[in-house]
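Going letter by letter, the sequence shown gives residues 381 to 533 in the working numbering. Using N, Cα and C, we set each Cβ at its ideal position, and we do this for glycine too. For reference, the structure is listed below as structure tokens.
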Amino acid sequence: MELYHVGYVVDDIEKAMAALSATAGRTWSEIRPRHLRVQVDDDPEILEIELLAAYSQPGPPYVELIQDVRGGIWSGGAHGGARLDHLGYWEADLPGRVAALRSAGATQVVHAVDEEGNPTRFAYLRAPGGGPWLELVDESVKPELMAWIEGPS
């Protein structure tokens with residue numbers, strides 16, 4: 381696994397980007413709407429979720445900002461403002477690593493699914509000791525994500 385980003389859920393993505401530009405000198409990828417098909421924990425229901433996200437430049441590690449999705453997985457809830465959500469890692473063997481982490485006591489929080497309902501692209505897991513979630517991102521999507529992250533700011 382290779383760490384490549386730290387994800388934060390924020391109330392207002394544009395304000396958070398402006399604040400981090402002013403205070404930390406970060407520039408940003410474009411804000412992109414993301415349409416995701418996900419499965420939460422082991423619930424058989426597949427959810428359709430829309431969210432907004434952007435990545436800082438330069439990196440790695442990049443800072444990923446996700447606009448708060450009220451009442452969903454990517455919700456700030458009682459935290460308000462911004463909250464550390466996850467550490468993102470590239471993973472060459474997504475199914476194998478998920479299985480290994482689950483065997484070690486991690487619980488799966490959410491994962492993307494394809495049109496047939498098969499796990500794909502990414503999975504979030506909660507480590508047995510707590511802390512931020514771990515997001516494992518399949519290396520097969522690296523070219524697509526890096527084109528967005530490193531594209532024009």
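CA-to-CA, the gap between D391 and S483 works out to about 35 angstroms. Nearest Cα to V521 within the set G509, A462, A472: A472. Per the Cβ contact rule, the region 421 to 438 is not in contact with the region 462 to 469 (fewer than 3 Cβ pairs under 8 angstroms). Around the beta carbon of L400, 16 or more other beta carbons lie within 10 angstroms, which makes this residue buried.
Note on geometry: alpha-carbon atoms of V478 and E444 lie some 22 angstroms from one another. A507 is not a Cβ neighbour of L516, given a cutoff of 8 angstroms. The Cβ-Cβ distance between I411 and A396 does not fall below 8 angstroms. Between the C-alpha atoms of P475 and Q488 there is a straight-line separation of about 12 angstroms.
Scanning the region 401 to 458 from its first residue to its last, the whole beta strand (DSSP E) runs of 3-plus residues come out as 412 to 420, 426 to 437, 442 to 447. Pairing V418 with A462, the inter-Cα distance amounts to about 23 angstroms.
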